[in-house]
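**Student:** Residue numbering for the sequence shown follows our numbering, starting at 1030 and increasing by one per position. Using N, Cα and C, we set each Cβ at its ideal position, and we do this for glycine too. All figures in this text were calculated on a predicted structure; none of them were measured in a lab.
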Amino acid sequence: MDLGIEGERALLLGGTQGLTYSAAKFLHEAGVAVALNGRNAESGAAAVKALGAGAAFVQGDVADPTQAPFIHERAEKALGGPVSILVTNAGGPPPGQFLEHDEAAWLRALETNMLSALRMAKLVLPGMMARRWGRIVNVTSFSVREPYPNLVLSNGARGGLTGAMSTIAREVAAFGVTVNSVLPGLMDTGALKRVYNQQSLRQNISVEEARRRMAESVPTKRLGEADDFGPAVAFLCSRHAGYITAQNLTVDGGLVRAVM
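1. When the Cα atoms are used, what is the spatial distance from Glu1132 to Ala1261?
2. Cα-Cα, which of Ala1075, Leu1080 and Thr1049 is closest to Gly1060?
3. Pair every Cβ in the stretch 1228 to 1244 with every Cβ in the stretch 1185 to 1203, then say whether three or more of these pairs are closer than 8 Å.
4. Is Ala1186 near Pro1122, with beta carbons less than 8 Å apart?
5. Between Pro1213 and Leu1056, how many whole angstroms is the CB-CB distance? I'm expecting something under 8 Å.
6. Taking DSSP as the reference, what is the three-state secondary structure of Ser1210?
7. Could you give the DSSP three-state label for Thr1049: helix, strand or coil?
8. Would a C-beta distance cut-off of 8 Å place Ile1114 and Thr1207 closer than the cut-off?
9. Mind checking Gln1046: buried by the 16 CB within 10 Å criterion, or exposed?
10. Taking the alpha-carbon of Pro1094 as reference, which of Thr1141, Ala1085, Ile1034 and Glu1254 has the nearest alpha-carbon?
11. Would you kindly work out how many angstroms separate the C-alpha atoms of His1101 and Gly1036, rounded to a whole number?
12. To which residues of the same chain is Val1153 closer than 6 Å at the C-beta, ignoring the five residues directly before and after it?
13. Going by DSSP, which residues form a beta bridge with Gln1088?
14. Give the straight-line distance between the Cα atoms of Asn1167 and Thr1117, rounded to the nearest whole angstrom.
15. Taking 8 Å as the cut-off, decide whether the C-beta atoms of Val1091 and Asn1069 are in contact.
16. Between the Cα of Gln1126 and the Cα atoms of Ser1246, Asn1179, Arg1137 and Ala1146, which residue gives the shortest distance?
17. Rounding to the nearest angstrom, what Cα-Cα distance links Leu1221 and Leu1182 in this structure?
18. For the alpha helix (DSSP H) containing Gly1219, list its first residue and its last residue.
19. Just to confirm the assignment: which complete alpha helix (DSSP H) runs, minimum length 4, are found wholly within the stretch 1237 to 1287?
This is the structure:
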């Protein structure tokens, strides 16, 4: 399917690996110029090399509020024009239960997994609204629909982001800008490996057994892969998705049991 977005410019936060890199790959294949943000220069260079022409790396830590304007500015310079597609993502906070985390951990989680996305949205939205076209897609988690055990920081921060972005979506809809979220389920990426590694310790089982049990909990009987996810993000960025906004699309193999 032609997504109708050839020539658009996308900034993907945390885009050098995993789920957001998959989204970058499918956007790039659709003819979108992509700027991949990340903290590690080596990973960024490898990701850009794999994509080829039309891809750039913008180094920076989105969790640092002072870096957001520079990430945005360098992205637009690398892309040769204003950002028309923003995909937000950041590494999830550490697993653990409520009484195990101090206030500093909560503040880090909110800064990284909520405020970083809102901060970047505030930078790109005026231009999108002026041009009367834009797409924002947030990579969050299935846990905003069904909180997952032992992930209280993630459940809280991503739930807050979802509420804020849903409100923003309605404020900018009349300007041709859509704001949606894609909620990954149990995807076999580095972040999930940390979770089942900790489960193996808590339950005194092998890491492989913890992984197997997690996969068995999914109706498809497997963990998701990055390329199960990227196409969903690319579609929400497309011209075809112009009447879809303020939505949360779950990509989870049927894991979430909510009816709505």
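**Tutor:** From the atom records:
1. Mapped onto the sequence shown, residue 1132 falls at position 103. Mapped onto the sequence shown, residue 1261 falls at position 232. The straight-line gap from Cα to Cα measures roughly 35 Å.
2. Mapped onto the sequence shown, residue 1060 falls at position 31. Ranked by how close their Cα comes to the Cα of Gly1060, the residues Ala1075, Leu1080 and Thr1049 have Leu1080 in first place.
3. No: fewer than three Cβ pairs fall under 8 Å.
4. For the purposes of this step, residue 1186 is taken as residue 157 along the sequence shown, with counting starting at 1. For the purposes of this step, residue 1122 is taken as residue 93 along the sequence shown, with counting starting at 1. For Ala1186 and Pro1122, yes; Cβs fall inside 8 Å.
5. The sequence position of residue 1213 within the sequence shown is 184, counting from 1. The sequence position of residue 1056 within the sequence shown is 27, counting from 1. That belief does not hold up - the Cβ atoms of Pro1213 and Leu1056 are roughly 17 Å apart, past 8 Å.
6. Counting from one through the sequence shown, the residue named residue 1210 turns up at place 181. In the three-state scheme derived from DSSP, where H, G and I count as helix and E and B as strand, Ser1210 is classed as strand.
7. Within the sequence shown, numbered from 1, the residue matching residue 1049 stands at position 20. The answer is helix: DSSP assigns Thr1049 an H, G or I state.
8. In the sequence shown, residue 1114 corresponds to position 85, counting from 1. In the sequence shown, residue 1207 corresponds to position 178, counting from 1. It is not a contact, given that the beta carbons lie outside the stated cut-off.
9. On the sequence shown, residue 1046 is found 17 positions in, with the first residue counted as 1. By the neighbour-count rule (16 or more Cβ atoms within 10 Å), Gln1046 is buried.
10. For the purposes of this step, residue 1094 is taken as the residue at position 65 of the sequence shown. The shortest C-alpha separation from Pro1094 is found at Thr1141.
11. The residue given as residue 1101 occupies position 72 in the sequence shown. The residue given as residue 1036 occupies position 7 in the sequence shown. C-alpha of His1101 to C-alpha of Gly1036: approximately 18 Å in a straight line.
12. Here residue 1153 refers to the residue found at position 124 when the sequence shown is read from its first residue. Excluding residues within five positions, the ones whose Cβ falls inside 6 Å are Val1112 and Leu1115.
13. Looking up residue 1088 in the sequence shown gives position 59. The partner list for Gln1088 (beta bridge, DSSP) reads Gly1067.
14. For the purposes of this step, residue 1167 is taken as residue 138 along the sequence shown, with counting starting at 1. For the purposes of this step, residue 1117 is taken as residue 88 along the sequence shown, with counting starting at 1. Asn1167 and Thr1117 have their C-alpha atoms some 5 Å from each other.
15. If you number the sequence shown from 1, residue 1091 lands on position 62. If you number the sequence shown from 1, residue 1069 lands on position 40. Result no, Cβ atoms of Val1091 and Asn1069 do not sit closer than 8 Å.
16. Position 97 of the sequence shown, counting from 1, holds the residue named residue 1126. Of Ser1246, Asn1179, Arg1137 and Ala1146, the residue nearest in Cα terms is Asn1179.
17. Locating residue 1221 in the sequence shown gives position 192, where the first residue counts as 1. Locating residue 1182 in the sequence shown gives position 153, where the first residue counts as 1. Using only the alpha carbons, I get a separation of about 15 Å.
18. Here residue 1219 corresponds to residue number 190 of the sequence shown, with the count starting at 1. Here the alpha helix (DSSP H) through Gly1219 covers Gly1219 to Gln1232.
19. Entirely contained in the stretch 1237 to 1287, the alpha helix (DSSP H) runs reaching 4 residues are, in chain order, 1255 to 1265.
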